[in-house]
Ligand code: GDP
């Protein structure tokens, strides 16, 4: 991207121009070195305008009703005058190159509404890179005036933790289930949830959903209190994405928790801690990248590997040698 045009792009984005926003996200998703430089300039230019959104993480296993929920919930919000951005993080697409939101018909009405912006998961091989791009996309949509940012992920482990570390509040969608299945929800995921929503509380499933909700409410009460838990949270609710029942209740609870956290300073503390964690992650990634792209290290690595394989050198000594080699070169730059 030519010099100066980053500022122009930032200006159009801040003015709320959708095409500029889409282009900006494409820029931060690019891994080309020259695009990275432009992306950093762009992020710096939009920085004073970012940070104003309510960042919601949303997760649930495939089939639980995430897209139906986001469509109904998102429509409710845009019709109330909110501007809603939906970003997706999909660890499986990180491998296949496809994406969970690639098919926008999953959120047909919302995707066509002028108050909404839907963006599929960035493709990428490693979770760290996907995380960086999604965090930047959050700030970009905020700078473009979106007040509610939903970051959706599929419930398959690692990606939830990552999404919880870039959002203010985490909502876990669950399906109505028998008591035994309660055990199936991983403890780690329960621990990051602020609000559990048992979806599909309609028709013949309504009663089961209500029982499931009560079971989870009980399970949540047994967990140890966490920093930033408002009285009564984490909470379990029942709702139906299909009929819309309970959706205003979900929004009311989200707003109540967010308001409480902002007033108590927890939201800013959480964001500050997240930023420090991402700094560490970036530091570790850059160091590893420098290590493996360093010529001297690359030249010596096979020899050290052979020595370690033959038992002539312990792995730790080999690591020390290679690291000293890198650090000596960095120091000599
Ligand atoms: P996702 O894979 O989590 O995005 O789930 P989908 O939104 O695609 O929904 C999976 C299936 O559950 C679809 O057949 C939906 O119609 C159905 N579904 C979603 N929400 C509800 C709900 O609130 N009630 C009922 N009865 N079915 C629902």
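Numbering (our numbering), first residue to last: 89 to 421. Note that beta-carbon positions come from the ideal geometry of N, C-alpha and C, so glycine has one too. Note that the coordinates shown come from a computational prediction; the quantities given were computed from them, not determined experimentally.
In this structure, residue 175 lies away from residue 249, with their beta-carbon atoms at least 7 Å apart. With respect to the C-alpha of residue 155, the residue from 389, 333, 367, 261 having the closest C-alpha is 261. The Cβ neighbour count for residue 125, taken over all protein chains shown within 10 Å, is under 16; the residue is labelled exposed.
With a threshold of 16 other beta carbon atoms within 10 Å, residue 169 falls short and is exposed.
Here residue 204 is bridged, per DSSP, to 172.
Note on geometry: alpha-carbon atoms of residue 357 and residue 134 lie some 22 Å from one another.
Taking the C-beta atoms as reference points, residue 99 is found no nearer than 7 Å to residue 232. By the neighbour-count definition (other C-beta atoms within 10 Å, threshold 16), residue 284 is a buried residue. The Cβ atoms of residue 336 and residue 290 do not sit closer than 7 Å to each other.
Pairwise C-beta distances place the region 342–361 in contact with the region 305–324, as three or more of them are shorter than 8 Å. For the region 251–300, the continuous alpha helix (DSSP H) assignments of 4+ residues that do not extend past its boundaries occur at 275–280, in sequence order. Inclusion of residue 156 in the 6 Å shell around the ligand GDP follows from its C-beta lying nearer than that to a non-hydrogen atom of the ligand. Residue 381: member of the alpha helix (DSSP H) spanning 354–381, first to last residue. Going by C-alpha positions, residue 374 is about 29 Å away from residue 140.
Not one heavy atom of the ligand GDP sits closer than 6 Å to the Cβ of residue 259. Here the region 234–245 does not lie against the region 394–408, with fewer than 3 beta-carbon pairs under 8 Å apart.
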